[in-house]
Structure formats: structure tokens, C-alpha cells
Amino acid sequence: MQFLADDDRNQSMTFRAPAKGLSGRVAVPGDKSISHRALMFSALAVGESRVEGLLEGEDVLATAAALRAMGARIERDGEGVWHIAGVGVGGLLQPQQALEMGNSGTSTRLLMGLLASHDLTATFTGDASLSKRPMGRVIEPLSRMGAEFTATPGVKGSQTLPLTMRGLVPAVPIEYRLPVASAQVKSAILLAGLNTPGITRVIEPEATRDHSERMLRGFGAELTVEQDGEGARIISIRGEAELRPQHILVPGDPSSAAFPLVAALIVPGSDVTITGIGINDTRIGLVRLLQAMGGDIELLDVRDEGGEPVADLHVRASRLRGVENDPADVPSMVDEFPVAFVAAALAEGRSVFRGLEELRVKESDRIAVMAQGLRAIGARVEETEDGLVIDGTGGEPLAGGGPIATHLDHRIAMSFAVAGLASRNGVTIDDMRPVETSFPGFAPLLNRIGAGVEA
1 MQFLADDDRN
11 QSMTFRAPAK
21 GLSGRVAVPG
31 DKSISHRALM
41 FSALAVGESR
51 VEGLLEGEDV
61 LATAAALRAM
71 GARIERDGEG
81 VWHIAGVGVG
91 GLLQPQQALE
101 MGNSGTSTRL
111 LMGLLASHDL
121 TATFTGDASL
131 SKRPMGRVIE
141 PLSRMGAEFT
151 ATPGVKGSQT
161 LPLTMRGLVP
171 AVPIEYRLPV
181 ASAQVKSAIL
191 LAGLNTPGIT
201 RVIEPEATRD
211 HSERMLRGFG
221 AELTVEQDGE
231 GARIISIRGE
241 AELRPQHILV
251 PGDPSSAAFP
261 LVAALIVPGS
271 DVTITGIGIN
281 DTRIGLVRLL
291 QAMGGDIELL
301 DVRDEGGEPV
311 ADLHVRASRL
321 RGVENDPADV
331 PSMVDEFPVA
341 FVAAALAEGR
351 SVFRGLEELR
361 VKESDRIAVM
371 AQGLRAIGAR
381 VEETEDGLVI
391 DGTGGEPLAG
401 GGPIATHLDH
411 RIAMSFAVAG
421 LASRNGVTID
431 DMRPVETSFP
441 GFAPLLNRIG
451 AGVEA
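Residues in the sequence shown are numbered consecutively from 1, following the UniProt record's numbering.
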């Protein structure tokens, strides 16, 4: 693989097939979802929390900067451990400047929930990509709780950044049924409920990642999860909570592990172990999908760390076959579909992906962008309203090509980097800078398992 930087303004890189299979043991950065929540919940505890393994990507650092701007003390020591001195539930202070969220939708939506039950006014800004993403799905339930919002009108009537909100104290407890599966909306409501008198409830027809529920319980919040007769999860939180400081170990991010995992499956002769990955059942839909495609993936040394299940993933190159996904599994791998499309492009037979409407409102329209890019490098792809139909090569390398437009989307960039490792002529990506939002050290990690990065 070659790694070529054009200039300081945009980091165009070309990824090529290595001379032999990938091999070795690697660890990916800490889980992004857990890292965001660890900072936020620690900032609301009374006393000092310690967080090890925090993802130090731009998205998580945006959360840290926002919390510092509102009174929390957040410092990193020389050993890489983060120390957070919290201000207590309801104790965040009025920020003196706009909160700059960069590219992080998670930071924005969760902090909107957190501030909805504080007596303060905050303005959220973000980069060009984040400023296109809809915020209405969070604004709607938080408005019911009493928060007020002034947002920028977006396309098709959406509400986007820049956005100014004013919280309400005391906020109004609500019972809210999620119209679309979204861990961010669920978490925003639960965060608002922390400082709201009474019981706030979220009804979740389809299960999404449950890191907020697990971690809130660990911090001492009174939170229950029940199931109704139709299988929906009913999450209830008692407000005016008192959170206790914690020592948190952040597992490796399964969404980041997806890239070396798929690379090991599609590069012939590969044998790679990815250590310490979170295997929360709400997050490993990609592993299940790839195993159904014939992927040789073993979960080794399954253990519990900090309330989350963790394992090492042992992955060997495999002859993959086409698959049809179950739309009910989308929440458990919603961020991993771009690289799953790459795996399907190298599989034998047809893969059909459905129920992916959520991908159209991510950092980019991931359905359209992946379809366009995969066609450009030789894959046979048909775009549908809610997904893709991909006819794989049966293991033959893709032609390659580019440059692929990433649209400032980190997962698009990394997915096509992986595709380049299984191509005849390499794949050029227009800009790899967005990768720093979630996976600092991505190219060097590929180098450590034999991809042969040349700076």
C-alpha cells in the first residue's frame, strides 16, 4: 500500500494491495460512543473520575472542550489517563462562547440533551458536514421537556447548526416513543432527565446501543429497563440524580475494528488478531453479518471490563459469499455498513442491503457516496431508496481507481482505504484528514499488520 500526501490543504492518499497477507496483533482506539459518555457523566458526578483508554480523536476532544467551557476540569496525565473533576448534576455553567462541535454529531446531540435541563443558553456550531445534519429528531422531544431552540433552516425543512438553545429548570418529565431507532436521541432524553424532577421514560421499539444505560447505572443513577408486550424496551430514569465518580476502562471501538477486520478477510493469506474490542450485543452486527458471509472470525478471551463485554477478534482471510441483511439488525451496525459494502463487493454472488435510510443523514449520504465510489473502482452496484444491491467479484481484486470523494466522512475514507488493499491498481482517496475524528493512527496501524505504508 502507498500512502501519498498531496499538500497541507488536503491529504490525498493511495492505498494498494500488499505483497503478502496481513498478520499480527493490533489494538484499535477506544470506543467513541463510550468515550463521549464517560466524559459527560464524569462531568456531572461530584468528585474526580478517571478514564483509561479514552479515544483521543477530534470528536471526543470536542466534547471535552465543551465540558471545560461549562466548568468541568478535564486533564490528561503523562500516562494517558484522563482525570475529570465533575460539577454535579445541574451544575454546569453558562458558556461564554459558542460550543464548536467540529464534525461530531454525537457531541452535539448528547450535549443538547444534557443542557436541556440546565438554566443556561448555549450556541452550537460545527464544520460544513455537521452543519448539514438534521437536529430536529432531538429538538422535538427536548422541546416537550421545555427547552427552547432556534436552529438554521436546512434542506427539506430540516433544522441544522448553527443552533442556539435555552434550557429549562425545572424541566418537564416526558414519556417519549422513539419514531426512529437512535441511540443519540435516546441518550439525549435520558441526559435531560438526569436533572428533571420525577420519572423520564424512553420507549425504544428497536434496541440500539445501550452504553448510556449501562454507564448511568454505574455512576449511580436510578435507571430501569423493562420490556412491554410487543418487545419494546422501556427505559426509565429518576431525575435530580446524584452521580458518583468512577474509574472507567474504555474498550476498543468495534466500529474502528471493522476496518482491519474486513481488510484481514479480503486480503488473501491474512491472519490478524484485534485485541480488547467491545462486543456489546448492540454493537456487533457486523461481526454476525460477516460470519454469515463465511468470514472466519473467532472471539477469544471473552471477558468483562468496566461493565462492558470485551474480546479479542481473531480474523483469517476467507472466501466470502453474498448475503441479505436483516433490517432489524441495522442499529447494531449502522456505522459499519460502508465497510460491509466493501466486503460484499469482494464476495461471491449478490448481496442485498435494505432498511438503511438512516445512512442518508450521516456525515454524508453514505448510500449514494458508497455507490458512486464503488462503481468508480470497478464494483457492480445498484442503488435503491433504502440500500444497495452489490454483485461481488468472487474474491477477484477490484480494478481500483479514484480519487474517491469522501465528502468529509471518516468512514467513507477508511472504507475505500480497505478496498484499495484488495485492488489491482490501488484506490486513491481525495482527503484522509476526516479520519482523525475517530481513528487517529489509522494508516500506521495498517502498516503494523503488513500493509506497507510508505509516507
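Even for Gly, the Cβ is constructed at its ideal location relative to N, Cα and C.
Every value quoted in this text rests on a predicted model; they were computed, and no experiment measured them.
Item: Buried/exposed call for Arg133, threshold 16 Cβ in 10 Å; Value: buried
Item: Through-space distance from Leu249 to Leu54, alpha-carbon basis; Value: 8 Å
Item: Leu286 vs Glu226 beta-carbon contact at 7 Å; Value: no
Item: Own chain, CB closer than 6 Å to Asp210, minus 5 neighbours either side, in chain order; Value: Thr282
Item: Identity of the residue in Val361, Gly395, Ala371, Val334 nearest Gly322 by Cα; Value: Gly395
Item: Residue range of the alpha helix (DSSP H) that includes Val369; Value: 366-376
Item: Met145 versus Thr196: straight-line alpha-carbon distance, rounded; Value: 9 Å
Item: Assumed close pair Ile277, Leu313 - CB separation to whole angstroms, cut-off 8 Å; Value: 6 Å
Item: Bridge-paired residues (DSSP) for Gly13; Value: First, the residue type needs correcting, since residue 13 is Met and not Gly in the sequence shown. DSSP output for Met13 lists Ile429 as bridge partner(s).
Item: Range of the contiguous alpha helix (DSSP H) that encloses Phe41; Value: 32-44
Item: Reduced DSSP category for Leu4 - H, G, I as helix; E, B as strand; rest coil; Value: With a pLDDT of 40 at Leu4, under the threshold of 50, the modelled position of that residue is not reliable, and no figure is offered here.
Item: Nearest residue (CA-CA) to Gln94, options Gly402, Arg68, Met40; Value: Arg68
Item: Buried or exposed by the 16-neighbour rule on C-beta atoms within 10 Å, applied to Asn10; Value: exposed
Item: 8 Å contact criterion, which Met165 and Met101 should meet: CB distance rounded; Value: No, Met165 and Met101 are not in contact; Cβ-Cβ is about 13 Å, not under 8 Å.
Item: Distance CB(Val418)-CB(Ala188) smaller than 7 Å; Value: no
Item: Rounded separation between Ala405 and Thr14 - CA only; Value: 13 Å
Item: Residue closest to Leu110, alpha-carbon to alpha-carbon, out of Ala85, Gln291, Asp391, Arg137; Value: Arg137
Item: contact_flag[the stretch 375-383, the stretch 298-311] where n(CB pairs < 8 Å) is 3 or more; Value: no
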